[in-house]
Amino acid sequence: MSKWGIEEKETLNAINQMGIHGKILNIAAGDGRFNTVLLEKSDKVIAIDKDDLELQTLKKECPNELKNKLETMNVDITKEFPFNDETFDGVFCTGTLHLFKEDIVIKILNEIKRILKKKGILILDFATEISRFDRNGNQVVIEDEGSYSSERAIQLFKENLKEFEINIEEAFFKEENLEDDAGYQSIEGHFLVVCGKKSIIKERTINTL
Ligand SMILES: C[S@@+](CC[C@H](N)C(=O)[O-])C[C@H]1O[C@@H](n2cnc3c(N)ncnc32)[C@H](O)[C@@H]1O
């Protein structure tokens with residue numbers, strides 16, 4: 070099992086319903102939660118993360134029969150993504166965007182929009198109203214984390230994904246008995262599953278008299 074917890078059923082439902090296909094970018098893929106499902110449904114998955122150890126675990130855990138569809142790359146997602154415009158049929162990102170402040174989230178969403186093909190698919194999850202606890206029940210606060218209410222996060226996605234037909238579902242999570250290297254023993258809160266399809270922007274015809 071991933072050190073980041075279970076594969077939540079709400080996110081698995083989104084993967085099953087959105088019609089994952091073609092070339093998929095798994096952003097901040099970590100040690101590979103959901104990555105096998107993405108590989109099973111697509112032609113290729115590029116899993117990116119800034120932590121090589123996470124990517125090594127992801128590769129090790131990848132079933133042998135799917136390894137030929139997997140590529141991993143060390144990428145810092147707060148910088149420009151190293152991919153051309155309209156490269157991917159789908160972009161997937163879980164457990165990560167809520168870690169960043171709003172200006173960085175907007176920058177990442179802009180990069181996602183750039184590298185997605187027209188009609189490309191987007192599946193994100195975004196934790197809100199988060200509480201973390203250590204082994205002794207003391208609250209763990211992560212400095213510089215975004216710390217979003219659900220209301221603010223929904224507004225952020227609506228404002229910055231105008232090119233998408235989006236659907237946002239809110240669910241709840243609780244993870245306990247996490248490994249020490251997660252930095253906390255339990256975490257709970259809400260999470261938004263944001264699904265979208267990049268719509269074709271219709272060209273406007275202007276009638277001149
Ligand atoms: C909570 S884990 C989630 C991993 C995985 N997506 C999942 O849902 O299990 C967050 C991941 O984001 C990665 N990460 C954090 N900041 C990053 C950055 N600036 N660029 C790329 N990856 C980053 C971490 O290395 C870690 O693997």
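In this text, residue positions in the sequence shown follow our numbering: the first is 70, and each later residue adds one.
Just so it is clear, CB atoms sit at the ideal spot from N, CA and C, and this is done for glycine as well.
Neighbourhood of residue i by C-beta, 6 Å cutoff - its chain only, sequence neighbours within 5 removed
i: I181; result: V160
i: W73; result: G99, R102 and G164
i: A196; result: H167, G258 and F260
Which listed residue (the options) has its alpha carbon closest to that of residue i
i: F150; options: E228, I117, N246 and E76; result: I117
i: L168; options: F233, K72, S111 and D194; result: D194
i: T163; options: E109, L127, T141 and F260; result: F260
i: L94; options: K138, S218 and G215; result: K138
i: M70; options: F152, R102, A97 and H90; result: R102
i: I175; options: D250, I146, E134 and N85; result: I146
i: E214; options: N236, I173 and F241; result: I173
i: K186; options: F233, N85 and K267; result: K267
i: K303; options: N143, K136 and G265; result: The first residue shown for the chain is 70 and the last is 278, placing residue 303 beyond what the model contains.
i: K188; options: N85, E130 and E234; result: E234
i: R221; options: L135, V210 and E239; result: E239
i: C131; options: K119, N143, D120 and V114; result: V114
i: N144; options: L122, K231, D158 and K129; result: One point to set straight first is that residue 144 is Val, not Asn, in the sequence displayed. Closest option to V144, Cα to Cα, is L122.
i: S216; options: G206, S200, N205 and R204; result: S200
Opening and closing residue of the alpha helix (DSSP H) in which residue i lies
i: R221; result: S219 to N229
i: L127; result: D121 to E130
i: I84; result: K78 to Q86
Cβ-Cβ distance between residue i and residue j below 7 Å
i: L124; j: T141; result: yes
i: E198; j: G258; result: yes
i: V262; j: E79; result: yes
Same chain only: Cβ atoms within 8 Å of residue i, ignoring 5 sequence neighbours per side
i: N246; result: Q254 and S255
Ligand 3 heavy atom lying under 6 Å from the CB of residue i
i: T165; result: No copy of ligand 3 occurs in the structure displayed; its ligands are ligand 1 alone.
Endpoints, the beta strand (DSSP E) within which residue i is located
i: K72; result: Careful: K72 lies outside any beta strand (DSSP E) and carries neither H nor E.
i: K187; result: L185 to F202
i: E245; result: Looking at the DSSP string, E245 is not in any beta strand (DSSP E), and its letter there is neither H nor E.
i: N143; result: L139 to N143
Residues of its chain near residue i, where Cβ-Cβ distance is below 7 Å and the 5 sequence neighbours each way are ignored
i: E76; result: R102 and F103
i: L230; result: L178 and G265
i: F152; result: I184
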